[in-house]
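Trainee:
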Amino acid sequence: MKLWKTLLAAAVLAVATATSAFAARTDLVIGIPLEPPHLDPTAGAAAAIREVTYANVFEGLTRIGPNGEVLPDLAESWTISDDGKVYTFKLHSGVKFHDGADFSAEDVKFSLDRARAENSVNAQKQLFAAIDKVDVVDPATVKVTLTHPQGSFLYNMGWGDAVIVSPKSADTNKEKPVGTGPFKFGNWAKGSSITLLKSDHYWGAPVFLEKVEFRIVPDAAAAVPALLSGDIQAFPFFDPDSVSQVKDDPRFKVVVGATEGETILSINNKKPPFDKLQVRQAISYALDRKAIIDGASAGLGLPIGSHMSPANKYYVDLTGRYPHDVAKAKELLKEAGLENGFKATLKLPPTTYARLGGEIIASQLRDVGINLEIIPVEWAQWLDQVFTKKDYDLTIVSHTEPNDIDIYSRKDYYFNYANPAFNKVIADLELTSDEAKRKELYAQAQKILADDAVVGFLYELPKVGVWDAKLLGLWESAPIPANDLTKVKWSE
Amino acid sequence: MTAYLLKRLAISLATLVLASIVVFAVLEILPGDPARLMLGMNASADQVELLRNQMGLNAPLLLRYLHWVGGLLSLDFGRSYTYSVPVIDLVRERLAVSLPLALIALALSTVIAIPVGLFSASRRGRAGDTISMGAAQLGVAVPNFWFALMLIYVFAVWLRLVPAGGFPGWSPGIWPALKSLLLPAVALALPQAAILARVTRSALIEVLNEDYIRTARAKGLPYRAVLWRHALRNAMIPVLTILGLQFAFLLAGTIIIENVFYLPGLGRLVFQAITQRDLIVVESVVMLLVAAVIAVNLVVDLSYAVVDPRLRGRQ
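If you read the sequences in order, they're chains A and B. Every position in the first sequence, counted from 1, becomes a number in the working numbering once 46 is added. Every position in the second sequence, counted from 1, becomes a number in the working numbering once 17 is added.
Structure follows, in structure tokens:
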């Protein structure tokens with residue numbers, strides 16, 4: 047009898063240990079630096095909204111993959127008419143929203159019409175500008191007709207701003223987001239954390255995690271102890287300056303990837319003397335990108351020569367266009383009649399890269415005779431004075447929207463730059479679907495911007511992620527702002 | 018006493034009205050557009066205008082002021098621009114962190130400071146006094162965020178007794194919530210205790226030089242009784258004043274500690290609201306804080322009368 051009991055106990059123990067050894071963890075706490083204002087990606091520009099909801103809660107017709115590629119999402123396939131104007135999407139069947147409502151072509155029509163409506167406050171309304179009409183063919187087929195062929199249409203539909211929402215929950219998504227994704231909204235303790243839970247009836251490949259908490263950690267100094275104590279297991283966007291504190295610790299993985307954030311020294315192209323090409327070129331020659339990257343970004347980040355990420359498939363390397371050359375810069379200033387130099391202002395938003403980079407750039411420009419007065423500004427002030435009112439000489443900012451070289455063709459944009467030749471290239475790009483042709487046009491566009499030295503191109507903002515070494519499947523790069531958790535799991 | 022109270026109330030009310038005008042005006046002058054902030058750099062000017070209209074930002078200045086003050090009077094604090102929830106809900110959530118934190122820190126600092134102050138004052142000039150005042154000097158000088166980080170490394174990273182930061186809320190139970198408030202409360206309390214100990218000491222020393230203390234000693238009262246019954250009671254007025262100021266500070270001025278421990282407190286709400294130009298939140302929270310400070314001052318004034326009977330009959 048006694049032996050029997052002992053055997054039973056041993057068996058129970060063995061089973062218990064075996065299951066616990068094979069069952070990997072299914073919970074995860076992710077640290078994010080900024081709290082999203084709300085959780086509706088169709089009603090606000092904040093990257094933090096996407097860093098919680100993209101691919102996790104909300105899905106679009108297409109989606110962007112970890113390397114910036116366009117992948118099918120709610121649309122399992124599509125056909126494009128010969129004139130490139132009609133896209134017919136075949137939708138997945140059996141898809142449900144988290145509130146139990148069935149997903150159908152009607153929801154696609156509703157979402158796209160809502161985003162492009164007169165009174166829409168979608169932050170990326172330009173994505174939908176080419177849409178002429180959206181027709182429901184049958185519950186699993188939707189036809190989108192464009193006013194003109196648009197090469198980037200499928201890519202555009204993969205943005206967080208183009209996700210499909212249900213008419214039943216569209217108005218309450220800010221507080222309680224309801225999508226079709228593998229995770230449903232759990233709870234939001236304002237100022238503290240947002241919790242997502244595995245959805246019970248997901249249509250696609252099942253996810254590994256049961257519960258994910260996004261914890262808001264605004265202070266970079268607090269991120270390190272949070273990792274070390276095990277409270278938080280991943281910081282997908284980590285402060286580059288703090289990397290040295292964890293990079294030799296075998297418990298963590300430090301992953302440096304690319305973003306779509308071109309960090310530039312913006313120049314007011316209409317304001318004398320910056321309206322002179324020689325002056326702008328002189329600035330480009332005066333910049334020592336290596337020193338800027340070392341000082342402003344802990345040596346992480348790749349130099350750029352035009353407005354395109356080195357991780358982008360359309361990238362051409364133009365970093366050799368203006369090598370660091372003080373003598374050449376001085377010569378160009380002399381040609382412009384400014385051999386005695388001049389004074390200007392440099393307005394800096396509160397980001398670390400701008401504040402640190404600003405000091406370095408001011409000293410580099412001083413070497414060629416340009417004396418900068420540094421004016422630190424708040425983000426709201428920057429948007430108001432610099433971006434909207436164009437009241438500035440020089441400023442530093444990272445343009446984080448993916449594939450956004452077209453901003454240089456926008457009328458009234460804060461660069462105050464207008465070049466008909468460039469605008470023509472962008473207009474052609476809009477109408478071109480042929481990949482080889484697009485590549486050629488993108489190369490032309492990059493070259494024109496470099497030749498005109500529209501702004502000082504500095505470097506591509508790195509994505510520095512730090513997470514538990516046993517955690518797999520997080521994105522290395524950030525082709526769009528997102529923390530895609532669909533493939534994330536714990537090893538063991 | 019009634020006349021005194023009425024006068025105090027009238028002054029408080031006038032302060033509130035004045036504060037509301039100043040707060041509103043300052044935020045109007047502040048550059049920055051909440052609609053542009055929400056829509057980001059890719060939205061067109063027309064769209065920003067559309068959102069401004071939806072948010073009611075294009076109404077005339079006076080109308081908006083009256084609307085806001087009218088709301089405050091009926092205890093309607095408006096809706097946050099960014100969070101789009103009622104401001105009062107945000108404040109209530111944040112107070113669930115800030116109020117207990119402030120109270121714990123205040124209690125800790127009092128419990129530490131008063132005995133240290135007494136000890137120092139009664140040993141004036143001797144080694145004990147020098148050591149404890151030296152420690153107090155250090156407490157004032159050390160930045161509390163640095164002290165907070167040291168606490169985190171010792172108690173959270175090394176000993177793993179408490180979490181390194183964050184706040185689980187009160188729903189999982191009292192203990193986890195208290196545990197996460199413990200380190201921040203200590204980090205907040207020590208510099209406050211250092212100040213309070215110095216004030217207590219100097220107030221006591223002043224009182225100990227008074228004639229009535231000598232009289233009390235001369236009639237044969239033991240030193241300890243003189244210290245507690247006569248000296249401390251008379252030295253309480255400056256101490257209470259400082260305590261009142263510290264409470265007001267602890268309620269909303271703890272933004273740095275809240276950042277280090279990533280606590281969702283009131284200070285961070287205001288800071289976040291300012292950077293995002295969530296004007297309605299800033300305005301309403303600042304007004305609530307003004308009201309809280311006025312109320313605390315009123316309580317402190319009344320408590321003077323409790324500790325000092327002479328003040329009761331005077332006004």
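We put the beta carbon where it would ideally sit given N, CA and C, even for glycine.
Whole angstroms is fine: what's the gap from B:M55's alpha carbon to B:P201's?
Mentor: Roughly 32 angstroms separates the two Cα atoms.
Trainee: Scan the stretch 144 to 178 of chain B for residues whose Cβ lies nearer than 7 angstroms to a Cβ of chain A and list them as they occur along the chain.
Mentor: Within the stretch 144 to 178 of chain B, the qualifying residues are L166, I169, Y170, A173, V174, R177.
Trainee: Kindly indicate which residue of B:L30, B:G156, B:V313, B:G261 has the alpha-carbon position closest to the one of B:V90.
Mentor: Per the sequence shown, the amino acid found at residue 90 of chain B is Leu instead of Val. Answer by Cα proximity: B:L30.
Trainee: Can a CB atom of chain A be found closer than 8 angstroms to the CB of B:Q64?
Mentor: Closer than 8 angstroms: yes.
Trainee: Which residues, taken in chain order from the stretch 282 to 309 of chain B, show a beta carbon closer than 8 angstroms to some beta carbon of chain A?
Mentor: Residues passing the 8 angstroms Cβ filter: G282, R285, L286, Q289, T292, Q293, R294.
Trainee: For B:T232, report the span of its alpha helix (DSSP H) as first-last.
Mentor: Here the alpha helix (DSSP H) through B:T232 covers 228 to 235.
Trainee: Quick check on the DSSP output: what are the complete beta strand (DSSP E) runs of length 3 or more inside the stretch 134 to 191 of chain A, in order along the chain?
Mentor: The qualifying runs are 177 to 184.
Trainee: Decide yes or no for the touch test of the stretch 275 to 288 of chain B against the stretch 230 to 244 of chain A: beta carbon pairs closer than 8 angstroms, at least 3 of them.
Mentor: Contact holds: three or more Cβ-Cβ distances are below 8 angstroms.
Trainee: What residues of chain A sit near B:V239, judged by a beta carbon separation below 9 angstroms?
Mentor: First, the residue type needs correcting, since residue 239 of chain B is Pro and not Val in the sequence shown. Correct list: empty, because the minimum Cβ distance to chain A is about 50 angstroms.
Trainee: Verify whether the separation of the beta carbon atoms of B:Y229 and A:P271 is less than 8 angstroms.
Mentor: No.
Trainee: Using a C-beta cutoff of 8 angstroms, does A:D87 count as contacting chain B?
Mentor: Here residue 87 of chain A is Pro; the residue named in the question, Asp, does not match the sequence. So, not an interface residue.
Trainee: Rounded to whole angstroms, what's the CA-CA distance from B:A210 to B:L305? Just pull it up for me.
Mentor: Cα to Cα, the separation comes out at about 26 angstroms.
Trainee: May I ask you to report which of helix, strand or coil DSSP gives B:R294?
Mentor: Three-state result, B:R294: coil.
Trainee: Under 8 angstroms between beta-carbons, which chain A residues line up against B:L67? List them in chain order, please.
Mentor: Ordered by position in chain A, the residues that pass the 8 angstroms Cβ test against B:L67 are N165, V167.
Trainee: Taking only runs that begin and end inside the stretch 260 to 293 of chain A, name each unbroken alpha helix (DSSP H) of 4 or more residues, in chain order.
Mentor: Counting whole runs of 4 or more residues, the stretch 260 to 293 of chain A contains the alpha helix (DSSP H) stretches 266 to 274.
Trainee: So what's A:K483 in DSSP terms, helix, strand or just coil?
Mentor: In this structure, A:K483 counts as helix in the three-state DSSP scheme.
Trainee: Beta strand (DSSP E) containing A:E419: first to last residue?
Mentor: That run of the beta strand (DSSP E) goes 416 to 422.
Trainee: Which residues of chain B have a Cβ atom closer than 9 angstroms to the Cβ of A:T434, listed in chain order?
Mentor: In chain order: D50, R53, A62, V65.
Trainee: Report yes or no: is there a C-beta of chain B within less than 8 angstroms of the C-beta of A:S275?
Mentor: With 8 angstroms as the cut-off, A:S275 counts as an interface residue toward chain B.
Trainee: May I ask you to list, following chain order, the residues of the stretch 244 to 268 of chain B that have a beta carbon less than 8 angstroms from some beta carbon of chain A?
Mentor: Cβ contacts with chain A: none found.
Trainee: Given a limit of 8 angstroms on CB to CB distance, which residues of the stretch 208 to 231 of chain A reach chain B?
Mentor: So the list reads K220, E221, given in the order they occur along the chain.
Trainee: Which one of A:F231, A:L200, A:W249, A:A69 has the shortest CA to CA distance from A:D148?
Mentor: Answer by Cα proximity: A:W249.
Trainee: Span of the alpha helix (DSSP H) holding B:S137?
Mentor: It spans 104 to 139 - the alpha helix (DSSP H) in which B:S137 sits, taken as one unbroken run.
Trainee: Can you tell me where the beta strand (DSSP E) with A:D73 in it begins and where it stops?
Mentor: 73 to 78 is the span of the beta strand (DSSP E), which, as asked, contains A:D73.
Trainee: Scan the stretch 374 to 402 of chain A and note each continuous beta strand (DSSP E) run of 3 residues or more that stays entirely inside, going in chain order.
Mentor: Listed in chain order, the complete beta strand (DSSP E) runs (minimum 3 residues) inside the stretch 374 to 402 of chain A are 388 to 394.
Trainee: Would you say A:E538 faces chain B, with C-beta separation under 8 angstroms as the test?
Mentor: So no, A:E538 is outside the interface.
Trainee: Determine the contact status of B:P103 and B:R96, defining contact as a CB-CB distance below 8 angstroms.
Mentor: Yes. Within cutoff.
Trainee: With A:A121 as the anchor, note down where its beta strand (DSSP E) starts and where it stops.
Mentor: 121 to 126 is the span of the beta strand (DSSP E), which, as asked, contains A:A121.
Trainee: Starting from B:V203, follow the alpha helix (DSSP H) in both directions and report where the run begins and ends.
Mentor: Start and end: 191 to 225.
Trainee: Whole angstroms is fine: what's the gap from A:R39's alpha carbon to A:L504's?
Mentor: Absent from the model: residue 39 of chain A. The displayed extent of chain A is 47 to 538, so no value can be given.
Trainee: With DSSP run on the structure shown, which of helix, strand or coil describes B:F162?
Mentor: Here B:F162 sits in helix by DSSP.
Trainee: What are the residues in the stretch 265 to 293 of chain A lying within 7 angstroms of chain B by C-beta distance?
Mentor: Within the stretch 265 to 293 of chain A, the residues whose Cβ lies closer than 7 angstroms to some Cβ of chain B are D265, A267, A268, P271, A272, L274, S275, D277, listed in chain order.
Trainee: Taking only beta carbons into account, state which residues of the stretch 106 to 117 of chain B come closer than 9 angstroms to chain A, listed in chain order.
Mentor: Hits within the stretch, in order: D106, L107, E110, R111, V114.
Trainee: May I ask which residues mark the beginning and end of the beta strand (DSSP E) holding A:S312?
Mentor: Here the beta strand (DSSP E) through A:S312 covers 298 to 313.
Trainee: Taking the Cβ atom as the reference point for each residue, do B:A206 and B:A122 lie within a distance shorter than 8 angstroms?
Mentor: For B:A206 and B:A122, yes; Cβs fall inside 8 angstroms.
Trainee: What are the residues in the stretch 179 to 207 of chain B lying within 7 angstroms of chain A by C-beta distance?
Mentor: So the close ones are P180, A181, G182, G183, F184, G186.
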